[in-house]
Structure formats: C-alpha cells, structure tokens
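Below is one structure, written out as structure tokens; comments come after it.
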Amino acid sequence: MSDDDDIDFTSANQSSRNLASLFHGSEPAVASPTVAYVPPKQPKKDSPPKIMTATAVQAFSLGADQKWTPRGKMGVAILSTDNTMFQLILYLTKTQHITSARINTSSVFTCQANNYLAFQDDGGINWSVMFDTKQTLAEFILQIVVAKAYLLGFKFDHIIQDIREGEGSILADHDSAEIAVNQYKLLENGTVASADSGEIKPLRLKIGKQQNGKAFDDALRGMKKSGQRITMIGKILYNIEIIRVKREKDARSSSITMPSEEQPTVERKHTITEENETNDDKNKMLQRINRMGGVSMLPNSNQTSAFTNPHQHQLPTLGDDDSINNEFIQNAVSSRSIPTATIPPPVQFVPPMYQHQHHHQHQQTASHPLIQQPVLYPVQQPLHDYNSRPAPPTDTFYQQQQHAQPQPQQYPNDTRQLFNRLAEKIDLLNEKFDTKNSTIYPNMETNILLANIQRIVKENDTMKKDSFDRSAKVEELNLKISELLDRNQKLIEQTHQTAEQRNVVVNNVSEQTAQKILDLEKQKVELTNNLSISTSKIADLQLQINKYTQDTNESQSRLITLMHQCDQYKDELQKSEHQRLEIQMKFDSMQEQLKTEKSIKKQLQTNLNTLEEELAETKVTCASFER
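Numbering (my numbering), first residue to last: 492 to 1118.
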C-alpha cells in the first residue's frame, strides 16, 4: 500500500477556513439569511376530546355466524375534538375502550324498536345498543345530528335522522298532519338547550303550504303516522312526532283518520230538572231523544259529527288553539250521496264515558256500505254524535231541517225499509220513555238515559252486524263449495286423461324395451369378444409395468446415493466457506497490524529525524563549546 492513502486530516478546520477565504477574502464568514438555520417549532399540544354525551346501554355485536352476541352493560359516548372530529365509543372504564366509530357525514345510524340503535364501527363490525328510555335515545340522536352539522360546516338546508319509522303510507304534498314538536337550540359552546316555553301543544299544518318554511316541509315529507325524527334547520333542532294524518285523497271523499291518542275530556253532568223550558215532559223528552240520537241510531261510522260543508277539508293553521277532537272529526260524504242543505254544527262536547263506544261503533260499521248509505239522507233533525252536546231546542232550527228533506222517491228501497224499521224502533223507545218518565224515573239524568239508548242501539247494531256477517259467511261457504265441486270435477277428468295417457306410454315403453333387449344381446356378444382381446392386452401391459417398476426402483436407489453425495459436498463446501471466512478475518487483522506498524514506523522515522537534527545541533553546540 502506498503512503498517499495515509494522509493526515488533522487540519480540517484550517482547510475549511482556507476554503472560505477563497470566496470572502479575509472577512469573517457571514451566513446568508436565506439559508440560515431555523430550529423546528415545537408541536402544539392537542386539546383533550370533549364529551358531548354519555350514557349506559346494553350492547350486542354481530358475529361471523350472523348471530347477535350480548356484550353486557357498558357506556356509550360521543367525543368531540375541537368540533372538527367526532367519535362514538363503547367503553367499560375510562381506560378500557371496547370499540369506536368515527362519525362523518355519511355515517349511518339506524334506530330500531325498543330503543335500539344500530351502527358499524371502524373495524366493520355491526353493533346494536339498547337505551334505557326513549328520551335518552332521542338526546343521543340529537348529539349525532349536531356532530354532522359541524362536519358540514352548517352548509345545509336540513339534516334528518329517523327515530321511529311509523306505520302506513308516507306524507306527501297536500296531506294534513298533526304533529308534536320539541325545539332545541344549539348554543355557542356546542351544547344543546331546550327552546320550548311552557306546555307543548300539538300543531296542525298542511304539507306543501310552507307554513313554517320550505325546509320544515321537506323534513316532514316521507314521515308516517306515529313516526318520529330529529331534524336540524340552521342552528335549531326539532324533535318531530306525527300524532295523526289526514290524506289528501281521503279529504276528497271526506273520510276520517281517527286519532292515535285520545285527548282528555270533561264529563258532562246535566239533569232533566235543569231543563225548565217547557211544561210538557213528554215533548221535552222526545225532543231530547231526537237531538241526541234519534237518527244517529243508524249504524254509520260517519255519525261522529254534525253536517259540515264537504268542500271544507282544509285543517286549521298552526296558530289555531281549538280542541283537537272537534277539529279533526269531519263528516264523510259518499260519492253516491245527494246534496243537502248546509246546517251549522252544534257545540261539540265529548264525555269520556261515551268515547270508547263511539270508536267501537265506528269500527263496527265501517265495513258495511249498505248500512252507511241511509245516513246521508237528512230527516227530522240534524245528525249529531252521541258524544256531542244537543243543540238549542228552537222551533226555527227544527223547521229548517224539515224543509231540507228530499223526497222519499229519491231513495233506494233498502234505505226506505231501514228507515221504516228505525221509525218503529223510535216509536217503541218513545212509549218506553213515556211509561218510565211518568212512573219510575222522574229525575233521571240524561247521561243514564243516553247510555240506555246507546246500549239498545249498540245491541241492535251488533245483531245486524252478526246477521250480515253470518249471511256473508254463508255466501262465502257456498262459493267455496261450488269452487270445490268444480275443482273436483276437473280433477276427475284430469285423472281419466292421465290414466289413458299412461296406458299409451306403457305400451310404447314395452315395445321399446323389447327392441332394446335384442340390441343389448347383440352388444353383449360383441363386448365379450372385446373383453377377451382387452384381457390379453392387459396381461402384456402388466409385464411392461413390472419392467418399468424395476427400472424406477433402480433409478430411485441411484437418486438416493446421489442425494447423499450432494449432502456430503454441501457439508464440505460449508466447511471450506468457514475456513475461507477465518482466513479472511486473519488477513484483515494482519492488514490492520500492517497499517499500525506502518504508522509506528512513520512515528519512529520522525522521531529518528528529530533525534538526528538534535544530534547535529548538539554537535554544533559542542564544536562551538570546544572553540
């Protein structure tokens, strides 16, 4: 090795200064501001996530076998990081998290029956959690909607999250609905506060009129009766629940959608002794019977209200505070009805003791159009509900009703017969009331009388309904019997045809089988000859196979010996490789020793040179001293 490879770089700092002096002269080096070193900024500490809501739930997970596995009781919470990242977590303790699901604008949360909420976590596992109450589930859904609003930057018309789907068909334009709304306001700090003041009253509105804005109408579209959803418009959240629905197509036929929940009513207490307008008790009682249900004893589901204009189907606006029961009940007008004079409705009053009977009667008679038809023809007084307060007994009102009656020739025969039966029953009731009023019950309350009348009417209705049901069942049974007889006759004819076809098929098959047997016997002879030839060939092949097996055994033994030799060669190769590595290591160590010896030699040479120079100097000094 040459000495040029052993250059000493101890003067590296001096060479760097000399290199800088080539560009800057003797001036000190000044760093350029563009390439100056800037230390990295310390990362800011992330703020801890904020808990938006947390509650205890019963958790279930969907396994690989598509079965739900109960995971026990645990906590569920929604965490917010600077209102930019939201996460739903399931946890047992503060440090033991079970799973998490990041909330984004496309996250799907499905509310199910019995306060269940289903979602999918970040690992793709489906979870279902059960909340304790409906209110807890609604509050949790509110926070999910708020999280999506933050992620969208509040750039949306409305956000919708269903809690309960409901029943029936969806709301569309021109449908009327009664809704219960809870309002919440999103505050500046991200919390949700209730914006309701006082008692929450049901609201009535019509879809498409945009009484509360287009976004609110759009949020209502698609809902069903008894459905519930959370919607957010701007920074206001609405918890909307559909109480009842009136369809636009039903409004054209004046059909009634009964309420899902009845409003509380006040019991009426009114005695006969308080009515002192006339002296004739008999006439007073007859007028009361006529006003309370003389005509309403007809079994019609549309008796629940007085006559109203069939074209007035629009519900009141949101600002109307009238009673819910009275505003949503309207008279049904059939497509075959004859126009009658419009009569102002009486004051509605709904005692609770008759409310259930009214609904029962409505359900009983809804399926009999023949019974419903006679009610469309007005008679001696306006139609009243059993649940309504009677109108004032004025003669002018009674006379107007009599003038408004159409001619009997306009009605069908079955309607006349039913009307005659009803008149006879009213006469019987009048006679009974005459006897009872004069002898036993001078001061009986109208509630008791009305209950007795209603019970009689109800029994009559049930008997009529039973007779109609029985006749309908008999007709259905007759139709079924005739259908069974026709079907039996067809089956008998089909069996005869199939038997004849089977006989023809059996004959054809027997002929074909005989021909096939002959062909098979010929084939058998040919196959026996072929079998003998093939057996001889098999014997020859067996001999060849034996030879091949011997050759393969020999080659296998040779292969085994070769494999042993290869293994030996591999071992020798590995040993030689180890020896080579050892020699290489020795060579490297010797080379390093050579370098060290060279460096020692150089140092000794320099020392020798210095000693020679010192010796020369000493000689010179000695010579000078000798002189």
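A virtual CB, placed ideally from N, CA and C, is assigned to each residue, including glycine.
On a predicted model such as this, the values are computed, not experimentally measured, just so you know.
query                                                                                                                                                            : result
Rounded to the nearest angstrom, what separates L1018 and K1028 at their Cα positions?                                                                           : 15 angstroms
Is H859 helix, strand or coil by DSSP?                                                                                                                           : In this prediction, H859 has a pLDDT of 37, which is less than 50 and means its spatial position is unreliable; nothing more can be read from the coordinates.
CA-CA distance, V736 and Q557?                                                                                                                                   : 38 angstroms
L919 CB to nearest chain C CB: under 7 angstroms?                                                                                                                : Absent here is chain C; the protein component of the structure consists of one chain.
Count the C-beta pairs between the stretch 543–551 and the stretch 615–631 that are closer than 8 angstroms, then say yes if the count reaches three, no if not. : yes
Please classify S1023 as buried or exposed, where buried requires at least 16 other C-beta atoms within 10 Å of its C-beta.                                      : exposed
Terminal residues of the continuous alpha helix (DSSP H) containing L1018?                                                                                       : T937 to E1117
Is the CB-CB distance between A706 and I721 below 7 angstroms?                                                                                                   : no
For C1057, count the other beta carbons within 10 Å of its own beta carbon; 16 or more makes it buried, fewer makes it exposed. Which is it?                     : exposed
Return the CA-CA distance between I691 and N673, expressed in angstroms with no decimal places.                                                                  : 7 angstroms
Evaluate the contact criterion for the stretch 631–645 versus the stretch 587–605: three or more CB pairs, one atom per stretch, below 8 angstroms.              : yes
If you follow the beta strand (DSSP E) that F647 is part of, which residue opens it and which one closes it?                                                     : Neither: F647 is in no beta strand (DSSP E) and is coded neither H nor E.
Can you tell me whether DSSP reads P750 as helix, strand or coil?                                                                                                : Legend: pLDDT at P750 = 41, less than 50; position of this residue unreliable, no value from coordinates given.
Measuring CA to CA, which of G563, S571 and G614 is closest to P539?                                                                                             : S571
Straight-line CA distance for K700 to K646?                                                                                                                      : 24 angstroms
Have a look at I580, D648 and D664 and flag the residue whose alpha-carbon is nearest the alpha-carbon of F631.                                                  : I580
A668 and I698 look like a contact to me (Cβ under 8 angstroms); what is the Cβ gap, rounded to whole Å?                                                          : 7 angstroms
Is the beta carbon of A568 sitting closer than 7 angstroms to the one on I542?                                                                                   : yes
To the nearest angstrom, how far is it from the Cα of R1118 to the Cα of T1109?                                                                                  : 14 angstroms
What three-state label does DSSP hand L599 in the structure shown?                                                                                               : The question names Leu, but residue 599 is Val in the sequence shown. Here V599 sits in coil by DSSP.
List the DSSP bridge partners of A668.                                                                                                                           : L696 and V736
Three-state secondary structure (DSSP) at K715?                                                                                                                  : coil
In whole angstroms, give me the CA-to-CA distance for Y582 and G713.                                                                                             : 35 angstroms
Contact check, L633 vs N606 under 8 angstroms by CB: the rounded distance?                                                                                       : 15 angstroms between Cβ atoms; not a contact.
Could you tell me how far apart the beta carbons of S717 and I731 are, in whole angstroms, since I believe they sit closer than 8 angstroms?                     : Not quite, the Cβ-Cβ distance comes to about 12 angstroms (not below 8 angstroms), so this is no contact.
My assumption, with CB atoms under 8 angstroms, is that C602 sits in contact with R655. Please give the rounded CB distance.                                     : 7 angstroms
Residue range of the alpha helix (DSSP H) that I635 falls in?                                                                                                    : K625 to L642
Taking the alpha-carbon positions, what's the Y902 to F959 distance?                                                                                             : Low local confidence applies: a pLDDT of 46 at Y902 is under 50, so the model's placement there is unreliable, and no value is given.
Using the C-alpha atoms, what's the distance from T906 back to D623?                                                                                             : 57 angstroms
On a CA-only basis, which of Q1033, E1063 and G657 is nearest L711? Give me that one, please.                                                                    : G657
With a 10 Å radius around its C-beta and 16 neighbouring C-beta atoms as the bar for buried, classify I635 as buried or exposed.                                 : buried
Helix, strand or coil, according to DSSP, for D886 in the structure here?                                                                                        : Bear in mind that the predicted position of D886 carries a pLDDT of just 42, short of 50, making it unreliable; the figure below should be weighed with that in mind. Helix at D886.
Compute the minimum distance between the beta carbon of K1093 and the heavy atoms of the ligand SAH, and state whether it is under 6 angstroms.                  : The ligand SAH is absent from the structure shown, which contains no ligands of any kind.
So which of G566, E739, S962 and T682 has the shortest CA-CA distance to N547?                                                                                   : What sits at residue 547 in the sequence shown is Ala, not Asn. Checking every option, the nearest Cα to that of A547 belongs to G566.
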